[in-house]
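So the sequence shown is numbered by this note's numbering: it starts at 2 and just counts up by one.
C-beta: ideal position from N, C-alpha, C; glycine also.
Heads up, the thing below is written out as C-alpha cells.
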Amino acid sequence: MEYDNKAINRLKRIEGQLRGVLRMMEEGKDCKEVITQLSAVRSGVDRTMGVIVTDNLVECLREHDGDDKKMNEVVEQAISLVVKSR
Numbered sequence: 002m003e004y005d006n007k008a009i010n011r012l013k014r015i016e017g018q019l020r021g022v023l024r025m026m027e028e029g030k031d032c033k034e035v036i037t038q039l040s041a042v043r044s045g046v047d048r049t050m051g052v053i054v055t056d057n058l059v060e061c062l063r064e065h066d067g068d069d070k071k072m073n074e075v076v077e078q079a080i081s082l083v084v085k086s087r
C-alpha cells in the first residue's frame, strides 16, 4: 500500500509532539501539562489511524466493486482494525 502524505505528515507532527513531551518531563513540568500533551498525541494517533484505514478501505472497495461478499469482508476488517486499536 502506498501511504498518503497526509498520514506521513501527521506522524511527523506526532513525533515532534512526543519529543516535546519528553522534554517537558526532563524539565520537570507539571503532571497536568504532560498529560494534556500526551492526550493530544493520543488523539493525533487515533486520527492518523482513521486516515490510513479510510484510505485503505476506499482503495479496497474500488478493487472489489461488484463483489458484495468481498466488499463486506473489507468493511468488517476495517471496523475490526479501528475497534481493536482502542
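Rounded to a whole number of angstroms, what is the C-alpha to C-alpha distance between residue i and residue j?
i      : j      : result
Val-88 : Leu-58 : The structure shown has nothing for residue 88, since the chain only spans 2 to 87.
Arg-20 : Asp-69 : 45 Å
Met-72 : Glu-64 : 9 Å
Glu-27 : Asp-66 : 52 Å
On the three-state DSSP scale, how would you describe residue i?
i      : result
Gly-51 : helix
Glu-74 : helix
Asp-56 : helix
Lys-33 : helix
Among the options, which residue has its Cα nearest to the Cα of residue i?
i      : options                           : result
Asp-47 : Gly-21, Leu-23, Arg-11 and Arg-24 : Arg-11
Leu-82 : Lys-13, Lys-30 and Met-50         : Met-50
Which same chain residues end up closer than 8 Å to residue i when comparing Cβ atoms and leaving out the 5 residues on each side of it in sequence?
i      : result
Val-52 : Asp-5, Lys-7, Ala-8 and Arg-11
Ala-41 : Gln-18
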